[in-house]
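Numbering follows the numbering used here, in which position 381 of the sequence shown is assigned residue number 381; successive positions increment by one, without gaps.
A short worksheet on the structure shown next.
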Amino acid sequence: MSPTSSSPAAGASLSAARRSRELTEAVGGPVVDVLVVGLGATGAGAALDAAARGLSVVAVDAHDLAFGTSRWSSKLIHGGLRYLASAQLDVAHESAVERGVLMERTAPHLVHAQPFVLPLTPLVSRGQAALAWAGFRAGDTLRLTARTARATLPAPRRLSAVETRHLAPALRSDRLRGGLLSWDGRLTDDARLVTALARTAAARGARILTRTRALELTASGARVRDELTGEEGEIRARAVINASGVWAGALVDGIRVRPSRGTHLVLRSDRLGPLPAGLHVPVPGETNRFVLVLPQGDGRVYVGLTDEPVDGEVPDVPEVPETDVGFLLDVLGSVLDVPVRREDVVGTFAGLRPLLDTTSADRSDGAPRTADVSRRHAVLTSSEGVITVVGGKLTTYRRMAEDAVDAAVAARRLDAGPSPIAALPLVGAAAPHALAALRAPRRLVRRYGTEAPAVHALAARDPRLGEPLLADHPVTGAEVVWALRHEGALDESDLLDRRTRIGLVPEDRAAALDAVRALVGEAMAGRA
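Set out below in structure tokens:
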């Protein structure tokens, strides 16, 4: 679509009406080529990959788009630096390549270059600083080998103490030697990436069915339940891909996932003051572990992350233990002029990474901590023929999706060629110069790309929709209406917790709830 278009891409609109119609067609309907279970980044990516190869696709999720791990990430598209440190060279290179694909081809509207400062405080020895600098230089070499342009990701450089304080005024100036500046990719919003993937798949003919729970999987389909009505039925498929992340083992026997919890804190931006760059804060006593401080541009800052193993049943929404909160505040306080206190934390969230468990079932054998477990993904085929993709990380979702569909095509001898999605722009994508020319607020362009003028036009036609839902948060009613009409949102939880992320701060969620409910009611009545 052209950069000045005022309507969504053909076939890319997801809505309650479309879901209802396509669910009716899929349950008890003709056999489809591929059924995908799970609509996080990997599942939505697999749906897009299969549909882009010309296969018929149904993709289901028990909840909403990006309901699970894919909305709880650090929002970073990593270039693989941490994997170099652990000698996982193939994983590091794969990460750098996929970062470049997202930033330059498939999602340049959603993924941008993010500067980070590593402050050289007395807690960072000169040896540690030299090691970190060598790592940043090696990361730049990864960028080069991945053929990502220098204009996309600038070179790392050393900073004076004055430059460091300019980029992060909240830092303690006492004995600050300077800093190290590096760059990585960062998402405007991880849940928006998943939404774009699902909508792009829908534009290629995939049926995207949220609130549709897979109760039982076989190699020839699944028994599913419509979570809105309770009705059950069968979806038949030639190949089944289980992309349900940390819940993968509940659907397929023999899959053992070792979840790792990554916790983040949410602060108000004014608590830390201006932050032109993010921060890498070294964890005292460790050589290759950092707490990240990431300004969001919406009045919030995220601080994360931990990496702790999780045992027991996997919850729908992970809880954040106070020990994680205390750890992050302690590390953050080691570099700040004025420490952040517990009462300054306005929200928390935790994601569970679905790491493949390759250790002995007996955990008394000294299994490694999850920070040391490989982030390689795996595609596994059960004895019944269900294909499961597990492991990996958000950055490499496209490669995971491609490998899973390759396995399905080979196992079921489906008529499909190689994956084309490394060169397939997602809904809203365009070259930087085209995005810069759009007549819409820059904030909307960074969230909606070429669709930003259409979102902005809703507010132009109804000034009431142009007003922010909250005094200290930029989301407007127009974005809520757009999500209901085109992004598959079905209720206020979808809107607050995934399409807009207002819900990351409970106080903000409560304040916006009535206004969002009113817009949902108007939409159902056909007035919005």
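Ideal Cβ positions, reconstructed from N, Cα and C, are used throughout, including at glycine.
#### Entry: Top-ranked residue by Cα proximity to Ala161, from Ala151, Val257, Ser173, Val445
Ser173
### Query
If Thr106 sits next to Ala401, beta carbons under 8 Å apart, how far is it from one beta carbon to the other, in whole angstroms?
For a cut-off of 8 Å, the C-beta gap from Thr106 to Ala401 is around 12 Å, too long to register as a contact.
### Query
DSSP three-state call for Pro161: helix, strand or coil?
Rather than Pro, the amino acid found at residue 161 in this sequence is Ala. Reduced to three states, the DSSP call for Ala161 is helix.
### Query
Which first and last residues belong to the beta strand (DSSP E) in which His93 is found?
Taken as a continuous stretch (DSSP letters only), His93 belongs to no beta strand (DSSP E), being part of the alpha helix (DSSP H) at 89-101.
### Task
Would you mind giving the Cβ-Cβ distance between Gly304 and Leu328, rounded to the nearest angstrom? I have them listed as a contact below 8 Å.
7 Å
### Message
Is the beta carbon of Val481 closer than 7 Å to that of Val390?
### Response
no
### Task
List the endpoints of the continuous beta strand (DSSP E) containing Phe290.
290-295
### Query
Cβ atoms of Gly273 and Phe116: under 7 Å apart, would you say?
No, the Cβ-Cβ distance between Phe116 and Gly273 is not below 7 Å.
### Query
Nearest-angstrom Cα distance between Arg18 and Glu25?
11 Å
### Task
Select from Pro474, Val505, Glu507, Ala515 the residue whose C-alpha is nearest the C-alpha of Glu492.
Ala515
### Per-residue DSSP class, three states only, for Phe67
coil
### Query
Could you give the distance in angstroms between the alpha-carbon of Val505 and the alpha-carbon of Gly351?
16 Å
### Task
Per DSSP, which residues does Ser260 bridge with? Please list them.
Pro309, Arg353
### Task
Could you tell me the distance, in whole angstroms, from the CA atom of Ala44 to the CA atom of Gly205?
13 Å
### Query
Beta-carbon separation of Val37 and Asn288 under 7 Å?
no
### Candidates Thr388, Leu84, Val291, His78: closest to His264 by CA position
Val291
### Message
Given this structure, state the Cα-to-Cα distance separating Leu65 from Gly178, to the nearest angstrom.
### Response
43 Å
### Other residues of its chain near Ser15: CB distance less than 8 Å, five sequence neighbours each side excluded
Leu484, Arg485, His486, Gly488
### Which of helix, strand or coil DSSP assigns to Val253
Rather than Val, the amino acid found at residue 253 in this sequence is Asp. The answer is coil: DSSP assigns Asp253 none of H, G, I, E or B.
#### Entry: 6 Å CB neighbourhood of Leu426 in its chain, flanking five on each side removed
Thr106, Ala107, Ala196, Thr200
### Query
Per DSSP, what kind of secondary structure is Ser182 in: helix, strand or coil?
In this structure, Ser182 counts as strand in the three-state DSSP scheme.
### Reduced DSSP category for Ser20 - H, G, I as helix; E, B as strand; rest coil
helix
### Simplified DSSP state of Gly347, which is helix, strand or coil
strand
#### Entry: Where Ser334 falls: helix, strand or coil (DSSP)
coil
### Cβ shell of Ala429 (< 7 Å), same chain only, five flanking positions each side left out
Within the same chain, Cβ atoms closer than 7 Å to the Cβ of Ala429 are found at Thr106, Ala107, Pro108, His109, Gly449, the five residues on either side in sequence being excluded.
### Query
By the 10 Å Cβ neighbour count, where 16 or more other Cβ atoms means buried, how is Ser182 classified, buried or exposed?
buried
### Message
Tell me the DSSP secondary structure of Ala239 in three-state form.
### Response
In this structure, Ala239 counts as strand in the three-state DSSP scheme.
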